[in-house]
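Written out below as structure tokens is the structure these notes cover.
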Amino acid sequence: DLDEDEDYIETLIDIKDECSRYGSLSKICVPRFGVYATKIFLEYKNVDDAVNAHKNLNNRTFDERTVTVEFGDIECLGCL
889 DLDEDEDYIE TLIDIKDECS RYGSLSKICV PRFGVYATKI FLEYKNVDDA VNAHKNLNNR
949 TFDERTVTVE FGDIECLGCL
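For reference, each letter of the sequence shown is one residue, going 889 to 968 in our numbering.
As structure tokens, this is what we get:
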């Protein structure tokens, strides 16, 4: 639940810490509300880092949820 600012900021920090292990992040988007509220959008500085993150994060479990990694054009979401 990301309704509280403190929880949201803590979640962003956790995501950044974990996902930075696989490459250099340039953008993170975690929508709090709406259709994308259960999604996390990441942009890595280069394709190799994105591929490494995909390899290491896809199908992992965090907080009893399975991560599904997909490549796509995240600029169209407007949150980045």
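C-beta: ideal position from N, C-alpha, C; glycine also.
Keep in mind the model is a prediction, meaning the values are calculated, not measured.
- Beta carbon of A941, beta carbon of C907: below 9 Å? Yes. Within cutoff.
- Task: Could you please give me the residues that DSSP links to R953 through a beta bridge?
- Result: According to DSSP, which records beta bridges pairwise, R953 is partnered with F950.
- Message: Check for me: the alpha helix (DSSP H) holding L900 runs from which residue to which?
- Response: 893 to 907 is the span of the alpha helix (DSSP H), which, as asked, contains L900.
- Whole-angstrom distance between E898 and E892, CA atom to CA atom: Going from the Cα of E892 to the Cα of E898 covers about 10 Å.
- Message: Give me, in chain order, the residues of the same chain whose beta-carbon lies closer than 7 Å to that of I928; leave out the 5 immediate sequence neighbours on both sides.
- Response: Excluding residues up to 5 positions away in sequence, I903, V918 lie with their Cβ nearer than 7 Å to the Cβ of I928 in the same chain.
- Query: Is the beta carbon of E931 sitting closer than 9 Å to the one on L945?
  - Reply: Taking 9 Å as the Cβ cut-off, E931 and L945 do not qualify as a contacting pair.
- Item | Residue nearest to G922 in terms of C-alpha spacing, selected from V939, L890, E958, F959 | With distances taken between CA atoms, G922 lies nearest to L890 out of V939, L890, E958, F959.
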